[in-house]
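Trainee:
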Amino acid sequence: MNNQNMKFKDSQIAWIGQIPKDWEISKIKYVANLFTGNSISDSQKNNFTNSENSLPYIATKDIELDTNLVNYKNGMYIPKLNSSFKIAPKNSILLCIEGGSAGRKISFTNKDVCFVNKLCCFVAKPDFSKKFLYYYCQNPSFISEFKLNLIGLIGGVSINNIKNFRIPLLPLNEQKEIAEFLDKKCEIIDKRLSNLERKIKSLKEYKKSLISECVTKGLNPKNKEFKDSGIPWIGQIPKHWEIRPLYFYFNERKNKNLFENEKNLLSLSYGKIIRKNIETKDGLLPENFNGYNIIEKDDIVFRLTDLQNDKVSLRTGLVKEKGIITSAYVTIKPKQKICIEFYHYLLHCYDLTKVFYNFGNGVRQNLTYKELSKMKILVPPPLNEQKEIAEFLDKKCEKIDRLNENYTKQIDTLKEYKKSIIYECVTGKKEI
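Going by my numbering, the letters in the sequence shown line up with residues 450 to 881, in that order.
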């Protein structure tokens with residue numbers, strides 16, 4: 450499709466904008482059949498096994514958010530002869546229409562599958578390109594219309610509404626030409642994204658191992674003698690290092706903001722203590738902050754709640770400024786002269802290796818300071834050794850974080866470019 454000399458007209462739809470003069474606007478119900486899948490009970494999950502006579506059962510969680518890839522080997526299968534389950538045929542579209550991933554998770558099936566009722570299957574009619582429809586459902590104009598129709602507490606869009614979403618209607622050969630062009634373009638973009646994501650993953654693993662090595666073995670470990678720490682997740686430590694319970698060096702900080710004099714609202718986010726807007730009206734903050742804890746520079750904050758359900762979040766952070774934070778967090782303060790940055794890295798290492806999840810007698814929902822205070826920590830006796838390790842890690846981690854930030858920016862740019870090129874192609878604005 451060469452639109453260099455093409456004329457355009459207004460589609461009369463704000464989120465689609467101008468389209469080529471010979472294109473029309475139709476509704477999705479005229480170009481595709483739509484239907485949702487079936488829920489599956491816990492008892493059924495274990496009854497059906499993979500065989501020649503079964504189909505994979507796909508849930509929302511089985512579709513990756515950014516790559517649109519599907520996990521067909523999730524362990525759930527439905528017998529082909531089970532007529533109570535609907536089938537999404539090969540080369541159809543599965544779109545999440547309910548919950549937090551509504552309008553965001555989408556995939557193009559490469560085999561017949563059964564699927565959950567939170568997913569909607571789009572089967573293109575014979576005179577409409579399956580792949581063009583797939584790309585149209587990813588573009589910002591479709592997403593804009595989807596968001597306008599979200600209803601309910603958990604967020605969802607009904608099939609009846611989606612059927613009436615507008616879509617450009619153009620000759621089938623042009624649809625195929627656009628889809629083939631986008632296949633090639635998106636394949637290149639996705640390969641670059643995958644490569645960048647691998648680099649970020651490698652950097653995270655390297656940073657994790659670097660911190661762990663330094664805070665448990667010290668700098669230049671080849672020149673040191675070692676002894677068994679007696680702590681399974683630590684192993685050998687330098688012979689001159691000591692092991693103490695956390696309470697030997699730290700007290701709990703409890704200082705309620707009773708008169709609400711302190712207004713600098715802080716929060717623990719991704720392993721860092723960040724500022725929050727105390728004036729926000731998002732409904733997540735309390736009516737007053739007199740129950741919040743006043744914390745000081747060089748305190749360390751722990752979020753030790755919901756340990757059973759959340760095994761992903763980072764749970765420690767070093768405080769850089771005075772402020773207030775929810776009293777649901779545990780805050781500790783040094784009670785003698787130490788290098789707080791070293792202990793921040795040490796406890797961050799414990800966090801990364803998920804020590805808190807198995808602390809004490811099995812996994813618990815929450816940990817208190819009393820329980821945490823008995824945890825063994827490592828002590829390099831010379832203060833200058835603690836400082837040397839912390840300064841070394843500061844420099845190394847800063848370089849890693851800068852590189853990570855650069856890769857992340859490249860990923861964001863590529864994702865925006867991908868959205869843009871899909872939008873321009875499926876609405877006829879780009880020359881192909």
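Backbone N, C-alpha and C define an ideal beta-carbon position, used for all residues, glycine too.
A quick note: this is a predicted structure, and the numbers were derived from the prediction, not measured.
#1: Could you compute how far the alpha carbon of N833 sits from the alpha carbon of S658?
#2: Can the beta-carbon of F675 be found closer than 8 Å to that of C570?
#3: Between N704 and I743, is the Cβ-Cβ spacing less than 8 Å?
#4: Is there contact between the stretch 614–629 and the stretch 637–649, where contact requires at least three CB pairs shorter than 8 Å?
#5: Under the assumption that S590 contacts T876 (Cβ atoms under 8 Å), give the Cβ distance between them as a whole number of angstroms.
#6: Are the beta-carbon atoms of V562 and I692 separated by less than 8 Å?
#7: Determine the direct distance from the alpha carbon of F805 to that of D759, and round the result to whole angstroms.
#8: Please determine, among K771, V480, F614, the residue with the shortest C-alpha to C-alpha distance to D576.
#9: Look up S643 in the DSSP assignment and say whether it is helix, strand or coil.
#10: Please list the terminal residues of the continuous alpha helix (DSSP H) segment that includes A839.
#11: Taking the beta strand (DSSP E) that D677 belongs to, which residues open and close that run?
#12: Rounded to the nearest angstrom, how far is the Cβ of N815 from that of L756, given a contact under 8 Å?
#13: Terminal residues of the continuous beta strand (DSSP E) containing L483?
#14: Looking only at DSSP bridge pairs, what is Q685 linked to?
#15: Going by other Cβ atoms of all chains shown within 10 Å of its Cβ, with 16 needed for buried, is G601 buried or exposed?
#16: Where K845 and S762 are concerned, what is the direct C-alpha to C-alpha distance, given to the nearest angstrom?
#17: Check S488 in the structure and name its three-state DSSP category.
#18: So what does DSSP say about E629, is it helix, strand or coil?
#19: Quick check: what's the CA-CA separation for Q467 versus D861?
#20: Nearest-angstrom Cα distance between V606 and S532?
#21: Nearest to C545 by alpha carbon, out of Y521, P670, N517?
#22: Can you look up E473 in the DSSP assignment and give me helix, strand or coil?
#23: Can you tell me the Cα-Cα spacing of D511 and N566, whole angstroms?
#24: Out of P830, I723, N737, which has the shortest C-alpha to C-alpha gap to T765?
#25: Quick check on the DSSP output: what are the complete beta strand (DSSP E) runs of length 3 or more inside the stretch 708–743, in order along the chain?
#26: Compare the C-beta of N598 with all C-beta atoms of chain B and state if any pair is closer than 8 Å.
#27: Express the C-alpha separation of S475 and K612 in angstroms, rounding to a whole number.
#28: Return helix, strand or coil for C788, following the three-state DSSP convention.
#29: Give the C-beta separation of M455 and K478 to the nearest angstrom, bearing in mind that I take them to be a contact with Cβ-Cβ under 8 Å.
#30: Please state if the CB of G552 and the CB of T509 are separated by a distance shorter than 8 Å.
#31: Please report the straight-line C-alpha distance between N855 and Y818, rounded to a whole angstrom.
#32: So the candidates are K864, K574, I527; which of them puts its Cα closest to the Cα of F564?
#33: Mark H689 as exposed unless 16 or more other C-beta atoms lie within 10 angstroms of its C-beta, in which case mark it buried.
#34: Would you kindly check if the distance between the Cβ of N540 and the Cβ of K574 is under 8 Å?
#35: Sort C788, T558, K823, E501 by Cα distance to E513 and report the nearest one.
#36: For Y696, which residues in the same chain have their Cβ closer than 8 Å to its Cβ, ignoring the five residues on either side in sequence?
Mentor: Per the coordinate set shown:
#1: Taking the sequence shown and counting its residues from 1, the one referred to as residue 833 is at position 384. Taking the sequence shown and counting its residues from 1, the one referred to as residue 658 is at position 209. C-alpha separation (whole angstroms): 23 Å.
#2: Mapped onto the sequence shown, residue 675 falls at position 226. Mapped onto the sequence shown, residue 570 falls at position 121. The answer is no: Cβ separation not under 8 Å.
#3: In the sequence shown, the residue the question calls residue 704 occupies position 255. In the sequence shown, the residue the question calls residue 743 occupies position 294. For N704 and I743, yes; Cβs fall inside 8 Å.
#4: no
#5: Along the sequence shown, one-based indexing puts residue 590 at 141. Along the sequence shown, one-based indexing puts residue 876 at 427. Yes, S590 and T876 are in contact; Cβ-Cβ is about 6 Å, under 8 Å.
#6: Translated into the one-based positions of the sequence shown, residue 562 becomes position 113. Translated into the one-based positions of the sequence shown, residue 692 becomes position 243. Against a cut-off of 8 Å, the Cβ pair of I692 and V562 comes out as no contact.
#7: Residue numbering aside, residue 759 sits at position 310 when the sequence shown is read from its first letter. Residue numbering aside, residue 805 sits at position 356 when the sequence shown is read from its first letter. Taking the straight line from one Cα to the other gives about 12 Å.
#8: For this step, residue 576 is matched to residue 127 along the sequence shown. Among K771, V480, F614, the Cα nearest to that of D576 belongs to V480.
#9: On the sequence shown, position 194 is the one that residue 643 refers to. S643 falls in the helix class under three-state DSSP.
#10: Along the sequence shown, one-based indexing puts residue 839 at 390. Residues 832–875.
#11: By 1-based counting over the sequence shown, the position of residue 677 is 228. Here the beta strand (DSSP E) through D677 covers 675–677.
#12: Within the sequence shown, the letter at position 366 stands for residue 815. Within the sequence shown, the letter at position 307 stands for residue 756. Confirmed, Cβ separation roughly 7 Å.
#13: Position 34 of the sequence shown, counted from the first residue, corresponds to residue 483. Here the beta strand (DSSP E) through L483 covers 481–485.
#14: Residue mapping note: residue 685 aligns to position 236 of the sequence shown, counting from 1. According to DSSP, Q685 bridges with D677.
#15: Position 152 of the sequence shown, counting from 1, holds the residue named residue 601. Classification for G601: exposed.
#16: Position 396 of the sequence shown, counting from 1, holds the residue named residue 845. Position 313 of the sequence shown, counting from 1, holds the residue named residue 762. Going by the C-alpha atoms only, they are around 23 Å apart.
#17: Taking the first residue of the sequence shown as 1, we reach residue 488 at position 39. S488 sits in coil when the DSSP states are folded into three classes, being neither helix nor strand.
#18: Counting from one through the sequence shown, the residue named residue 629 turns up at place 180. Assigned with DSSP and collapsed to three states, E629 falls in helix.
#19: One-based indexing of the sequence shown puts residue 467 at position 18. One-based indexing of the sequence shown puts residue 861 at position 412. Cα-Cα distance, rounded: 27 Å.
#20: On the sequence shown, residue 606 is found 157 positions in, with the first residue counted as 1. On the sequence shown, residue 532 is found 83 positions in, with the first residue counted as 1. Answer to the nearest angstrom: the Cα atoms are 26 Å apart.
#21: Position 96 of the sequence shown, counted from the first residue, corresponds to residue 545. Minimum Cα distance to C545 is reached at N517.
#22: Position 24 of the sequence shown, counted from the first residue, corresponds to residue 473. Looking at E473 - three-state DSSP - the assignment turns out to be strand.
#23: If you number the sequence shown from 1, residue 511 lands on position 62. If you number the sequence shown from 1, residue 566 lands on position 117. Cα to Cα, D511 sits roughly 13 Å from N566.
#24: The residue labelled residue 765 in the question sits at position 316 within the sequence shown. For T765, the nearest C-alpha among the options comes from I723.
#25: Annotation: the stretch 708–743 contains the following complete segments of the beta strand (DSSP E) (minimum length 3 residues), in chain order: 715–718, 721–724.
#26: In the structure shown, chain B does not exist; there is a single protein chain.
#27: Within the sequence shown, residue 612 is the residue found at index 163, counting from 1. Within the sequence shown, residue 475 is the residue found at index 26, counting from 1. Approximately 10 Å, taken between the alpha carbons.
#28: Reading the sequence shown from its first residue, position 339 is the one you call residue 788. Three-state result, C788: coil.
#29: Counted from its first residue, the sequence shown places residue 455 at position 6. Counted from its first residue, the sequence shown places residue 478 at position 29. About 28 Å separates the two Cβ atoms, so there is no contact after all.
#30: Along the sequence shown, one-based indexing puts residue 509 at 60. Along the sequence shown, one-based indexing puts residue 552 at 103. Cβ distance not < 8 Å, so T509 and G552 don't count as in contact.
#31: To locate residue 855, count along the sequence shown from 1; it is residue 406. To locate residue 818, count along the sequence shown from 1; it is residue 369. Roughly 38 Å between the two C-alpha positions.
#32: For the purposes of this step, residue 564 is taken as residue 115 along the sequence shown, with counting starting at 1. Closest by alpha carbon: I527.
#33: In the sequence shown, the residue the question calls residue 689 occupies position 240. Result: exposed.
#34: The count along the sequence shown starts at 1 and reaches residue 574 at position 125. The count along the sequence shown starts at 1 and reaches residue 540 at position 91. Against a cut-off of 8 Å, the Cβ pair of N540 and K574 comes out as no contact.
#35: Position 64 of the sequence shown, counting from 1, holds the residue named residue 513. If we check each option's Cα against that of E513, T558 comes out closest.
#36: Taking the first residue of the sequence shown as 1, we reach residue 696 at position 247. Answer for Y696: S822, K823, listed in chain order.
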